[in-house]
Amino acid sequence: MKFSIRYYQLFLLPAGAKERAEVRRQGMRTHALDLATIAVCLERTEGAVGIATGPWTPQSKEQRRVLELYGIWRNVLRNLTDIVAKTTIVWDATHTIGTVTVETTLDKLVQWVDGRAGPVTVFGANQQRYPGFKLTKSGYNIRKTKQGTLVQALTSSDTNLWLFLPREDLAPAHGIAMVEMASGLMQEWQSSTPASYEEAHVPMMDFRLKPNIMFLGGLSIRGTEGSCTVVQASQDFRMRMDQQGARVKVQTYMRSQLIGAAMRTLPRILVFDRPFYGWYAQTGISIPLAVFYGDYDSWRKPAGSLAEL
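Using the working numbering, you'd call the opening residue of the sequence shown number -8 and step up by one each time.
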């Protein structure tokens, strides 16, 4: 099934001069969201109600958008080998009221396919310098899209890291729209235009965020064993990227109430000199994992190694 790109196109409309000036004034902080671990939480919770007697019932536009992605991904979720889930069901003495708790963890460490990348200083569009690394031609594939430049950074495993440098005149995407954007861009990969750069200069990154995913609250489903309503949800998102590779660790928690049934051409170099998007994707599965937007506040040499994250 082809992913609908209507949402991410809405969030990547050209920004006016006033909007761009406001973004520069206030600054765009790094933000992130992983919907893949949320989708696994929904799948496990769904299993707790027995055989579903109907689809999930959304209470908001955000929930409908999450469910649209979940519907597309659900048949391949179990192929995501890097997501581990734990489900706990607790009933009261009468077996009529209980809770379903699902904890999912995505922990992925990738190393660049060419080994350790060379060090480089990235000169940001904000006139600041940042520690970075350079990838050579054999370490990536690059395509040009209408929205910007899409890079598939190759790794030594079956999961590559995708990096997207949007056009400067585009308004930034947030939250669910960011994940929809990533899905749409991967769908367009084959039809986009190949681009050639001798090198890609990328800033190192190190951040930890706690995305607010309580937009899931109130989402409910009914089944033969009872009904579930999401009452609590949280996410912890950690990411590091350096000369060796990159590592992401996402932990998602969801608790539901369970109710029983009664030119020289100087070499062309792509420089990630302004905030950019990134996500992981397992080869052959177009589900973006751990989508992030890396702004200048996270551009720094990691405080520790990838293994220590």
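For each residue, glycine too, the CB sits at the ideal point set by N, CA and C. Computed from a predicted structure; not experimentally measured.
task: Report the partner residues of residue 212 according to the DSSP bridge assignment.
output: Here residue 212 refers to the residue found at position 221 of the sequence shown. According to DSSP, residue 212 bridges with 219.
- request: Along the alpha helix (DSSP H) that carries residue 57, what are the first and last residues, could you check?
  value: Translated into the one-based positions of the sequence shown, residue 57 becomes position 66. It spans 52 to 64 - the alpha helix (DSSP H) in which residue 57 sits, taken as one unbroken run.
- request: Inspect the CB distances between the segment 68 to 78 and the segment 177 to 191 and report whether three or more fall short of 8 Å.
  value: Output reads no: the segment 177 to 191 does not touch the segment 68 to 78.
field: DSSP-derived helix/strand/coil call for residue 297
entry: Taking the sequence shown and counting its residues from 1, one reaches residue 297 at position 306. Looking at residue 297 - three-state DSSP - the assignment turns out to be helix.
message: Going by the DSSP bridge assignment, what does residue 99 pair with across the sheet?
response: Along the sequence shown, read from residue 1 onward, the residue named residue 99 stands at position 108. Among the bridge pairs identified by DSSP, residue 99 is matched with 239.
message: Closer than 8 Å is the cut-off here; do at least three beta carbon pairs connect the segment 105 to 119 with the segment 55 to 72?
response: No, they do not touch.
task: Between the Cα of residue 318 and those of 45, 265 and 83, spot the shortest distance and give me the residue it belongs to.
output: Past the edges of the chain, shown from -8 to 300, lies residue 318, and the structure says nothing about it.
- prompt: Quick one: Cα of residue 13 to Cα of residue 100, how far?
  reply: Counting from one through the sequence shown, the residue named residue 13 turns up at place 22. Counting from one through the sequence shown, the residue named residue 100 turns up at place 109. Only weak support is given to the placement of residue 13: the predicted model assigns it a pLDDT of 49, under 50, and the question is left unresolved by the model.
task: Would you identify the three-state DSSP class for residue 106, choosing helix, strand or coil?
output: Within the sequence shown, residue 106 is the residue found at index 115, counting from 1. Per DSSP, reduced to three states, the secondary structure at residue 106 is coil, with no helix or strand assignment.
task: Leaving aside the five residues before and after residue 188 along the sequence, list all residues of the same chain whose C-beta is less than 7 Å from its C-beta, in chain order.
output: If you number the sequence shown from 1, residue 188 lands on position 197. Within the same chain, 133, 259, 260 and 261 come within 7 Å of residue 188 by CB-CB distance, once the 5 residues on both sides are set aside.
task: Evaluate residue 158 with the Cβ neighbour count: other Cβ atoms within 10 Å of its Cβ, from every protein chain shown; 16 or more gives buried, anything less gives exposed.
output: As a first step, residue 158 is located in the sequence shown; it is residue number 167 there, counting from the start. The residue is exposed, with fewer than 16 neighbouring Cβ atoms inside 10 Å.
message: For a test of the three-state rule: what should DSSP assign to residue 125, helix, strand or coil?
response: Counted from its first residue, the sequence shown places residue 125 at position 134. Strand, per DSSP.
- prompt: So does the segment 201 to 214 actually touch the segment 37 to 52, counting three or more Cβ pairs closer than 8 Å?
  reply: As far as the Cβ criterion goes, the segment 201 to 214 touches the segment 37 to 52, which means the pair count is three or higher.
- prompt: Where does residue 41 land, buried or exposed, given buried means 16+ other C-beta within 10 angstroms?
  reply: Within the sequence shown, residue 41 is the residue found at index 50, counting from 1. Counting Cβ neighbours within 10 Å, residue 41 comes out exposed, since fewer than 16 surround it.
message: Tell me the residue span of the alpha helix (DSSP H) that contains residue 169.
response: In the sequence shown, counting from the first residue as 1, residue 169 sits at position 178. 166 to 178 is the extent of the alpha helix (DSSP H) around residue 169.
message: Going by beta-carbon coordinates alone, are residue 215 and residue 247 separated by less than 9 Å?
response: Position 224 of the sequence shown, counted from the first residue, corresponds to residue 215. Position 256 of the sequence shown, counted from the first residue, corresponds to residue 247. No, these two residues do not count as a Cβ contact at 9 Å.
query: Looking only at its own chain, which residues have a Cβ that is under 7 Å from the Cβ of residue 37, when we skip the five neighbours before and after it?
result: Translated into the one-based positions of the sequence shown, residue 37 becomes position 46. Answer for residue 37: 43 and 212, listed in chain order.
task: Kindly confirm or deny that the segment 90 to 100 and the segment 119 to 126 touch, where touching means at least three C-beta pairs closer than 8 Å.
output: Verdict: no, contact absent.
- prompt: Quick one, which of 153, 173 and 222 has its alpha-carbon nearest residue 249's?
  reply: Residue 249 sits at position 258 when you count from the first residue of the sequence shown. That would be 222, whose Cα lies nearest to the Cα of residue 249.
message: Which same chain residues end up closer than 7 Å to residue 117 when comparing Cβ atoms and leaving out the 5 residues on each side of it in sequence?
response: Looking up residue 117 in the sequence shown gives position 126. Within the same chain, residue 117 has close Cβ partners 287.
field: Close-in-space but distant-in-sequence residues of the same chain around residue 140 (CB under 8 Å, 5 per side omitted)
entry: Walking along the sequence shown from the start, residue 140 turns up at place 149. A distance below 8 Å between beta-carbons, with the five flanking residues on each side excluded, links residue 140 to the following residues of its chain, in chain order: 133, 134, 155, 156, 186 and 261.
- prompt: In chain order, what residues of the same chain have a beta carbon less than 7 Å from the beta carbon of residue 35, not counting five sequence neighbours either side?
  reply: One-based indexing of the sequence shown puts residue 35 at position 44. So the qualifying residues of the chain are 76, 78 and 93.
Which of helix, strand or coil DSSP assigns to residue 182: Residue numbering aside, residue 182 sits at position 191 when the sequence shown is read from its first letter. Residue 182: helix per DSSP, three-state reduction.
field: Burial state of residue 164, where buried means 16 or more other Cβ atoms lie within 10 Å
entry: Counted from its first residue, the sequence shown places residue 164 at position 173. By the neighbour-count rule (16 or more Cβ atoms within 10 Å), residue 164 is buried.
query: Is residue -5 helix, strand or coil by DSSP?
result: If you number the sequence shown from 1, residue -5 lands on position 4. Interpretation of residue -5 is limited by its pLDDT of 34, a score under 50 that renders its predicted location unreliable; no figure is taken from the coordinates.
task: Measure from the alpha carbon of residue 30 to the alpha carbon of each residue in 280, 169, 203 and 240, then state which is nearest.
output: Residue mapping note: residue 30 aligns to position 39 of the sequence shown, counting from 1. Ranking 280, 169, 203 and 240 by CA distance to the CA of residue 30 puts 280 first.
Supposed contact pair residue 177 and residue 23 - C-beta distance, whole angstroms, cut 8 Å: For the purposes of this step, residue 23 is taken as residue 32 along the sequence shown, with counting starting at 1. For the purposes of this step, residue 177 is taken as residue 186 along the sequence shown, with counting starting at 1. At roughly 17 Å, the Cβ-Cβ gap does not stay under 8 Å, so residue 23 and residue 177 are not in contact.
- prompt: What first and last residue would you give for the beta strand (DSSP E) that runs through residue 274?
  reply: Locating residue 274 in the sequence shown gives position 283, where the first residue counts as 1. Premise fails: residue 274 is in no beta strand (DSSP E) and is neither H nor E.
field: Per DSSP, cross-strand counterpart(s) of residue 151
entry: Walking along the sequence shown from the start, residue 151 turns up at place 160. 272.
message: For a test of the three-state rule: what should DSSP assign to residue 67, helix, strand or coil?
response: Locating residue 67 in the sequence shown gives position 76, counting from the first residue. DSSP places residue 67 in helix when its eight states are reduced to three.
- request: Kindly list the residues whose CB is nearer than 8 Å to the CB of residue 83, restricted to its own chain and excluding five residues on each side of it in sequence; keep chain order.
  value: For this step, residue 83 is matched to residue 92 along the sequence shown. So the list reads 89, once near-sequence residues are dropped.
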